[in-house]
Amino acid sequence: MAFNDRIFGILLIVLAVAYGWGASQFPEPFGGSESIGPDTFPTLLAVVLGLSSLYLIVRPDPDNAWPWSRTGIELIVAVIVLVLYAMLLEPLGFIISTTLAVGTLCWRMGAAPLRAYLVGAVAGVVVFLLFSFALDLALPLGLLSFLEVS
């Protein structure tokens, strides 16, 4: 499995470079290049992903077997949920798509469906309010655009 880890590490380095390059294409923030702008967080993610990938290449796990049982299926479900989350973020809005994604992931981890989606709704609203008011960053409202906050 060490060979598979190294191949995966190389693919992740390619992804990190592409992600970092994409982040560098954002326009310079209003305060100049010294201020925190839209490229800061994606650049940090690209660096962390690149360093993690290098570690995976240099020190692969020698006996890591893919979990083909229920765990493997749950991992695939989680990836599908996250891809759908990214695709539905704009049309549905942050709060609704976050409620659905977090609720589904909590439910898949064993929470009761009502509690899982309640946690998702609370998380979506709290994070939306933090981004909107504390950080003054706009998140898409989607279907809830009638609640436009100025």
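Residue numbers are given in our numbering: position 142 of the sequence shown equals residue 401, and the series is strictly consecutive. By construction, the Cβ of each residue, glycine as well, lies at the ideal position given by its N, Cα and C atoms.
Under the Cβ criterion (8 Å, minimum of three pairs), the stretch 296-316 counts as touching the stretch 261-272.
For residue 322, the three-state secondary structure derived from DSSP is coil. DSSP places residue 372 within a helical segment (H, G or I) once states are collapsed to three. Exclusion of the five residues before and after residue 402 leaves 351, 352, 355 as the residues of its chain whose Cβ lies within less than 7 Å of its Cβ. When rounded, the separation of the alpha-carbon atoms in residue 319 and residue 263 is 9 Å.
Counting C-beta atoms within 10 angstroms of its own C-beta, residue 361 has 16 or more neighbours from the protein chains shown and is therefore classed as buried. In the displayed model, residue 362 falls within a helix according to three-state DSSP. The Cβ-Cβ distance between residue 358 and residue 383 falls below 8 Å. At the C-beta level, residue 275 and residue 302 stay beyond 8 Å of one another.
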